[in-house]
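I have placed the structure first, in the form of structure tokens, so that the comments after it can refer back to it.
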Amino acid sequence: MATEAIGWLGVPLGILAGTLRGSAPFLFVSLGECLTEKSGKINLGLEGTLLMGAMSAYAISYLGVSQWNMSPAISPWIGVLVAGLAGMGMGLIHAWLSQQPRVNDIAVGIAMIIFGSGLAFFLGKPFIQPQAPQLPSFELGKLLSSSPIVQSALQISPLFILGVLLAPAMNWFFKSTRPGLFIRAVGDSPDAALAMGVSVKKVRMLCIIAGSFLAGIGGAYLSLVYPGSWTERISSGQGLMAVALVIFARWNPIQCLWASLFFGGAQAIGPALQAVGIDKGYYLFNAAPYVLTLLIMILTCSPKKTLSGAPGALGSING
Amino acid sequence: MRPSLLIPRRQVLRGLLATAAFAATSSKLVGCSSTSTEAGSSGSASDAKPLVIGFIYVGAKDDYGWNQAHALGAQAIASLSGIKLVEQASVPETKEVQEVMQSMIEQDGASIIFPTSFGYFNPHVIEIAKQYPDVQFFHCSTLWQEGMPTNIGNYYADTDEGQYVAGRIAAQTTKTGKLGFVAAKPVNPVLRNINGFIMGARSIKPDIEMKVIFTGDWNVPVKEAEATNSLADQQVDVVGVHVDSPKVVIETAEKRGIFSSGYHTDQLALAPKGYLTGTAFHWGQIYKEYVEGLQAGKKVTDGGIPRFIQGSLKEKYVQMAPFGPAVADAVKQDATKTENQIADGTLMIYTGEIKDNGGKVRIPKGTAYKLTDPALDKIDWLADGVQGSVS
């Protein structure tokens, strides 16, 4: 059985495996952006943060083993941590800049995409060639099946599980905790939050920094888990797509999870179909996630109606 | 009170100054990234002005791919005496490459430029070649046509024969009898590599099949990994590749425990278990030949250096990468024998009858094409045995 071709079964299996492998970066970035946008700010720069995270995680994981005599079991985890910290650094810049008077967050965000990717490319030059130790995964497939295909499909990274758990946790945080209430208040009506005695600036700053931390972790997943390599094209726009996902998910962390799984799986459609011999129109299949992003953007940018769930003060310019 | 929307004049001035200062420093920063290495004996050749040669790459110089192959070639001539190398990496195929070429000529005094990426040619290289008729440009393609500036030369190495040898190795190593190929786009050089690979494989096992997955672009790591995984899911156990940087494909294949056959340059270090071999460019050979001609005062402008230089295994412009441990000794011997047959001309891989994967005869019986034959540049089909489509 295990040595026979799985044929058509490969398509759903491939998409399932692709979902489990490929959706974590979307998940982390969209959760980070969800947190940021709940506080009323937009951080388009997460694409740059994602790249910084990917580069710094890979660099630390590699240097840890080759230069600082760390064990290859530990250095990737240090890399993940440093990726988060690098993300926080990027977030700090965005938080400070975008809260200056009459500064537009979108403009700052675009600047941060360019800055983040430029910095990551510049610092990442020496790490393109070496191979860094990778994060381990849970081999769930070994418990369930003897087929090597199923086994490799069900190799699940602990980072992915962390992201999946984070989504309901964040939902609970927004709904049922005092800090969560403050964030929603700041995002929906800064004046009311100010009257409550909450510092709008501080809350937004913390949200942007925490969101960027998550995006940095998403970057670490790209370079240390899947595809597991540092190149300048590693993100290929995933950070931007994840920002769009938040709108698609109506600023709800649980829906961010579904949306991320959906987009992660969509990346596998083209290759999986071609592998079973459906080879016409693969450009269309490959473009599927982008077409979806576009459609979502078109459907949601109507000037006449406001979206349900959108934070009231989202993207408004500081006075 | 809300501040007025008018911006005070001082602030405008300050802003302008800051922008100017930033522009000034950032152009310095960019300038820094072009590195120059002077080689040769400074004592004996110091009276003669060194030949300044500029190399421009579209990506990083150590990408395990196209750019690394060229950078290795450049390194091979850097140690020759009387040569000064100026290199710049990660130059996009936009107007930026024109500025890079200009600054290499104006500031570094380069008289020879090697713009190594395909997309640099039209209009950028042509434009700069018109402006600097005394500088010679050697572009890695066969794109020059009558009417274009005469100070442009073309060079290219065809890898079909290398892929043929790699395909033979793949067919003798596979256990499942299924091959796969991860490719970027269905364009002529890619299709020729795919066809070379399957023709080589079928020369061993006439019924062997190969699945091709086109990722749609030259450098999309996630999709390349996904494609390799999809192939592995379909029991494919040897993967060939033609994308800009095969690193992700080769690493993913190694993780899945299947064999891989590389491209552009040697990737054995990435997959010490599963790497079989690879078709590697050996640009250093061409570059050395160019330098010999140039140092003798020859020019492409007047035909002293041929307009087109093209070759493959025979000319040593292409070499097989070292064999991985999975290649059996008998297979190694067969590969070397095949290489020799190709080099001495007794084996021509494009010998009819060759059908495409729709059953149509593309090269009729009795026709054989040399690798440099222009007819082969028109190949827009996949050979029999390939599961895939060009549209």
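Heads up: the protein sequence lines correspond to chains A and B, in order.
Position one of the first sequence corresponds to residue -7 (the working numbering), numbered consecutively onward.
Position one of the second sequence corresponds to residue 23 (the working numbering), numbered consecutively onward.
Heads up, the beta-carbon is just placed ideally off N, CA and C, and yes, glycines get one too.
In this text, all values refer to a predicted model and were calculated from it rather than measured experimentally.
Taking CB distances under 8 Å as the criterion, tell me whether residue i reaches chain B.
i	result
Tyr213 (chain A)	no
Ile85 (chain A)	no
Gln266 (chain A)	yes
Leu284 (chain A)	no
Pro303 (chain A)	no
Tyr275 (chain A)	yes
Pro245 (chain A)	no
Leu73 (chain A)	no
Ala9 (chain A)	yes
Gly32 (chain A)	no
Give every residue of the same chain whose Cβ lies closer than 7 Å to the Cβ of residue i, excluding the five residues on either side of it in the sequence, and list them in chain order.
i	result
Val383 (chain B)	Glu375, Lys377
Val3 (chain A)	Ala264, Leu265, Val268
Gln317 (chain B)	Leu73, Gly104
Ile261 (chain A)	Ile7, Phe277, Ala280
Ala249 (chain B)	Val204, Ile235, Thr237
Determine the direct distance from the alpha carbon of residue j to that of residue i, and round the result to whole angstroms.
i	j	result
Gln120 (chain B)	Ala184 (chain A)	55 Å
Ser56 (chain B)	Phe113 (chain A)	With a pLDDT of only 48 at Ser56 (chain B), under the threshold of 50, the placement of this residue in the model should not be trusted; the figure read from the coordinates follows. Cα to Cα, Ser56 (chain B) sits roughly 15 Å from Phe113 (chain A).
Ser15 (chain A)	Ser252 (chain A)	5 Å
Ile120 (chain A)	Ala390 (chain B)	42 Å
Leu286 (chain A)	Lys338 (chain B)	49 Å
Leu198 (chain A)	Val238 (chain A)	19 Å
Ala78 (chain A)	Ile331 (chain B)	48 Å
Gly45 (chain A)	Gly210 (chain A)	7 Å
Val212 (chain B)	Ile401 (chain B)	10 Å
Ala65 (chain A)	Gly133 (chain A)	22 Å
Ile270 (chain A)	Lys200 (chain B)	17 Å
Met126 (chain B)	Ile371 (chain B)	41 Å
Glu231 (chain B)	Ser283 (chain B)	16 Å
Lys83 (chain B)	Ile175 (chain A)	46 Å
Residues of chain A with CB closer than 9 Å to the CB of residue i, please, in chain order.
i	result
Gln289 (chain B)	Residues of chain A passing the Cβ test: none, with the nearest at roughly 11 Å.
For residue i, which residues in chain B fall below 7 Å Cβ to Cβ?
i	result
Arg176 (chain A)	By Cβ distance, chain B contributes nothing, its closest Cβ being about 26 Å from Arg176 (chain A), past 7 Å.
Lys117 (chain A)	Ala82
Ile120 (chain A)	Ala82, Asp84, Asp85
Gln259 (chain A)	Val244, Lys245, Glu248
Which residues in the same chain as residue i place their Cβ atom closer than 8 Å to its Cβ, once the five residues preceding and following it in sequence are excluded?
i	result
Ala61 (chain B)	Because the pLDDT at Ala61 (chain B) is just 45, under 50, the model does not fix this residue reliably, and the value given afterwards should be weighed accordingly. Around Ala61 (chain B): Ala100, Ser101, Leu102, Ser103, Ile105, Lys106, Leu107.
Asn163 (chain A)	Asn244, Pro245, Ile246
Asp399 (chain B)	Thr164, Asn210
Ala177 (chain A)	Ala184, Ala185, Met188, Val190
Report yes or no: is there a C-beta of chain A within less than 8 Å of the C-beta of residue i?
i	result
Leu10 (chain B)	Outside the displayed span of chain B (23 to 413) sits residue 10 (chain B), for which this structure offers no information.
Tyr396 (chain B)	Reading off the sequence shown, one finds Pro at residue 396 (chain B), where the question assumed Tyr. Not closer than 8 Å to any Cβ of chain A, the Cβ of Pro396 (chain B) fails to qualify, so no.
Ala247 (chain B)	yes
Gly238 (chain B)	yes
Thr274 (chain B)	yes
Leu73 (chain B)	no
Leu201 (chain B)	no
Asn210 (chain B)	no
Ser267 (chain B)	yes
Asn241 (chain B)	yes
Arg224 (chain B)	no
Report the neighbours of residue i on chain B: residues whose CB is nearer than 8 Å to its CB, in chain order.
i	result
Lys272 (chain A)	Ser411, Ser413
Ile105 (chain A)	Result: empty, since nearest Cβ-Cβ is about 16 Å, beyond 8 Å.
Asn278 (chain A)	Thr237, Gly238, Lys245
Please return the same chain residues whose Cβ sits closer than 6 Å to the Cβ of residue i, not counting the five positions on each side in sequence.
i	result
Tyr213 (chain A)	Ala16, Pro17, Leu151
Val270 (chain B)	Pro243, Glu246, Ala247
Val113 (chain B)	Ile78, Val119, Val122
Glu39 (chain A)	Ile105, Gly231, Leu232
Tyr154 (chain B)	Ile127
For residue i, go through chain B and note every residue whose CB falls closer than 9 Å to its CB, in chain order.
i	result
Gln91 (chain A)	Going along chain B, no residue has its Cβ under 9 Å from Gln91 (chain A), so there is no contact; the nearest lies around 16 Å.
Tyr50 (chain A)	What Tyr50 (chain A) touches in chain B: nothing, since even the nearest Cβ is about 12 Å away.
Could you list which residues in chain A have their beta carbon closer than 7 Å to that of residue i, in chain order?
i	result
Val270 (chain B)	Pro219, Ser221
Lys233 (chain B)	Ala267
Name the chain A residues whose beta carbon is nearer than 8 Å to that of residue i?
i	result
Ser112 (chain B)	Phe113, Glu224
Ser283 (chain B)	By Cβ distance, chain A contributes nothing, its closest Cβ being about 18 Å from Ser283 (chain B), past 8 Å.
Leu292 (chain B)	Gln123
Arg384 (chain B)	Correct list: empty, because the minimum Cβ distance to chain A is about 18 Å.
Chain E contacts made by the segment 214 to 233 of chain A, where a contact means CB separation under 9 Å: You won't find chain E in this structure, because its protein chains are A and B.
contact_flag[the segment 388 to 405 of chain B, the segment 189 to 206 of chain B] where n(CB pairs < 8 Å) is 3 or more: no
Meets three-Cβ-pair contact criterion under 8 Å: the segment 245 to 263 of chain B and the segment 271 to 278 of chain B: yes
Meets three-Cβ-pair contact criterion under 8 Å: the segment 214 to 222 of chain A and the segment 119 to 137 of chain A: yes
At least 3 beta-carbon pairs within less than 8 Å: the segment 157 to 171 of chain A vs the segment 128 to 140 of chain A: no
Validate contact between the segment 122 to 141 of chain B and the segment 155 to 164 of chain B using beta carbons, cut 8 Å, 3 pairs: yes
Cβ contact (3+ pairs, closer than 8 Å) linking the segment 291 to 308 of chain B and the segment 182 to 189 of chain B: yes
The segment 283 to 296 of chain B touching the segment 306 to 313 of chain B, judged by at least three CB pairs closer than 8 Å: no
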